[in-house]
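Note that this note's numbering numbers the sequence shown so that position 153 is 153, with each residue one more than the last.
Here the structure comes first, spelled out in structure tokens, and everything after it is commentary.
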Amino acid sequence: MILSEDEAICLVLGLSENREISSITKLNKLLARLNLHLIPVEIDFDLNQYGSFSAELDQLQTNDYYEICPYQYMGRTINRFKLKDAGLDLFNNVVNKKLNKILSEEDKELLRDEIFELSTKPASEISGNEHRKLMVDVDERYKLIHKINEVLVDMSDVYRRINEVSKSTSGGIKLRALIQYCYHLAKFLHKKFERLDENEYDRGAYMFDYYFLYHLHEINGFLNTQITAQEKDYKKINKYYQYLVRSVKDRYSFSIENKDLKDILVR
């Protein structure tokens, strides 16, 4: 399950106040926020001074699903994005069906509330919130390093328990695959973040590094619970699996679709 660019934009617009977003900068921020809800999107984000940024969004034009309306603000031309009727149909009839495969009703409510609330705030406030969540600032580098060290220890502990998970069900097989993938991803990220200069902003970094670290920190307790649970939470297992394992395709070096992944695992 992955949302196309148009589907992701219609989702964000459909959940925003008045079904519109006042600038391309704010649209960037809200689309990036979908990653923190484990919603895979076909949009790549890099790190600039304001956080997650996708240069490809600057090329957007009015289409069947949304309209771009220029307006003047403090001597500058700004583009406002408004959802069209066809975009609302796409949101209701396509996007929602996709989300139902990975999100619970509680998950969807949290997503609706957050996107609506953030859509009422200035882009700078959304950016600051993202910086704190992902620890991208230099003055929080020590927290970031502590976090990846903690994640690696936790994932190593979970990985040692992998044989407690049965191979006799499809859910058990997927849980084992998720545990194994998270463990090796934690090792990969540990090496990557360990090389960061403690005094330099990680400008230009691929944001999957930070999104994945955020989710690995969150997933530990869930995996430990699922190892011993009689009734597995297959929907949530699938949600993590679809995002962490399937969403990156060939857009990230640590991917099952990267033919050189074995070499990365060895290093």
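C-beta atoms are modelled at their ideal positions from N, C-alpha and C, and glycine is treated no differently.
For Q72, which three-state DSSP category applies?
strand
For G172, the three-state DSSP class (helix, strand or coil):
helix
How many Å lie between R76 and P70 at the Cα?
10 angstroms
For V158, the nearest candidate out of T225, I21, Y50 (CA to CA):
T225
Do you know offhand how far E278's Cα is from S166's?
No answer is possible for residue 278: it lies beyond the span of the chain, which begins at 1 and ends at 267.
Nearest-angstrom Cβ-Cβ length linking K239 and I115, presumed shorter than 8 angstroms:
Not really, about 17 angstroms apart at Cβ, beyond 8 angstroms.
Beta-bridge pairing of S52 - partner residues as DSSP gives them
L47
Can you list, in chain order, the residues of its chain with a C-beta nearer than 7 angstroms to that of D202? Leave out the 5 residues immediately preceding and following it.
L47, V136, L196
Have a look at A55, N258, F212 and flag the residue whose alpha-carbon is nearest the alpha-carbon of M155.
F212
Identify which residue in Q49, L36, L83 has its Cα closest to the Cα of E269.
In the structure displayed, the chain extends from 1 to 267; residue 269 sits before or after that span and is not available.
Residues bridged to I21 (per DSSP)
F81
Determine the contact status of L118 and L30, defining contact as a CB-CB distance below 8 angstroms.
yes
Locate the alpha helix (DSSP H) running through G14, then write down its first and last residues.
5 to 15
Are the beta-carbon atoms of K236 and F222 separated by less than 8 angstroms?
yes
Could you give the residue range of the alpha helix (DSSP H) that holds L110?
105 to 119
Mind the definition here: the segment 76 to 93 touches the segment 241 to 253 only if three or more C-beta pairs lie below 8 angstroms; say whether that holds.
no
Spatial distance of K97 from E257 (CA atoms)
26 angstroms
Counted within 10 angstroms of its Cβ, other Cβ atoms place R160 as buried (16 or more) or exposed
exposed
Quick one, which of M1, Q61, T120 has its alpha-carbon nearest E42's?
M1
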